[in-house]
Amino acid sequence: MSFHAHVRKLTSGHGKGSQLKRPLENIRCSINLNCPAHKPYPLGVCTKCKPPVMTLNRQKYRHVDNIFFENQDLVNDFLNFWRTTGNQRVGFLIGKYQPFADVPLGIKATVAAIYEPPQTSSPDGVELSIDPNEKAVDQLCAWLGLRRVGWIFTDLWSADQVKGTVHCTRHK
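According to UniProt numbering, the residues represented by the sequence shown are 1 to 172, in order.
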């Protein structure tokens with residue numbers, strides 16, 4: 001189900017005079033560390049300052065129905081870092097959303113660039129650093145009519161560097 005169809009399903013049945021339920025609101029998941037009713041966390045916590053109970057469910061929708069890269073070299077250049085170093089990498093997909101006629105209420109993300117923020121890489125992980133250019137990148141994207149439409153990351157390790165084969169670790 002597309003994201004727009006999911007939101008429409010959640011908000012259907014609400015007339016003009018009814019209260020619209022906010023189906024995608026952010027939930028506070030932090031503990032009040034300055035509560036005077038108990039000892040400081042982790043020695044104590046009360047029901048007023050602990051976060052609400054949450055149940056994680058599998059995502060019922062997808063944000064996009066199709067993704068299109070304007071240039072195949074975008075992904076190849078991104079993967080070349082892993083190919084040459086063996087270290088993992090993370091990047092933001094920069095592009096725009098467009099209607100996708102092949103699916104009812106479908107959305108397509110067209111990717112024009114991959115922005116790789118400052119990060120420390122290793123063969124088994126990535127640690128993102130504070131990005132001093134984040135606001136400038138977002139402003140440049142806005143001027144170009146683009147935005148972040150997703151993210152891309154490597155989750156690979158080489159089975160044989162001489163042959164260039166990748167060891168499959170998914171779904172095992």
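Where a beta carbon is used, it is the ideal one built from N, C-alpha and C, also for glycine.
Computed from a predicted model, the values in this text were never measured in an experiment.
Distance between beta carbons of residue j and residue i, contact taken as under 8 Å
i    : j   : result
A112 : I94 : 6 Å
I31  : V53 : About 14 Å separates the two Cβ atoms, so there is no contact after all.
Q88  : T47 : Not really, about 40 Å apart at Cβ, beyond 8 Å.
C29  : P51 : 5 Å
Beta-carbon proximity check, residue i vs residue j, cutoff 7 Å
i           : j    : result
F92         : Y115 : yes
residue 176 : G86  : The requested residue 176 is not part of the displayed model; the chain covers only 1 to 172.
D65         : I107 : yes
K96         : L140 : no
H6          : Y41  : no
N126        : V90  : Residue identity differs from the one stated: residue 126 is Val in this sequence, not Asn. Taking 7 Å as the Cβ cut-off, V126 and V90 qualify as a contacting pair.
Which of helix, strand or coil DSSP assigns to residue i
i           : result
A5          : helix
residue 251 : Residue numbering for the chain in the displayed model covers 1 to 172; residue 251 lies beyond these limits and cannot be assessed.
N80         : helix
L10         : helix
Start-to-end residues for the beta strand (DSSP E) that takes in residue i
i           : result
residue 213 : Nothing can be reported for residue 213, as the shown portion of the chain is limited to 1 through 172.
Q98         : 90-100
K108        : 106-115
residue 188 : Beyond the ends of the chain as shown, which are 1 and 172, falls residue 188; an answer cannot be given.
S121        : 119-122
Residue i, enclosing alpha helix (DSSP H) - first and last residue
i    : result
V137 : 134-143
Residue-level contact to chain B via CB, residue i, 7 Å cutoff
i    : result
F100 : Absent here is chain B; the protein component of the structure consists of one chain.
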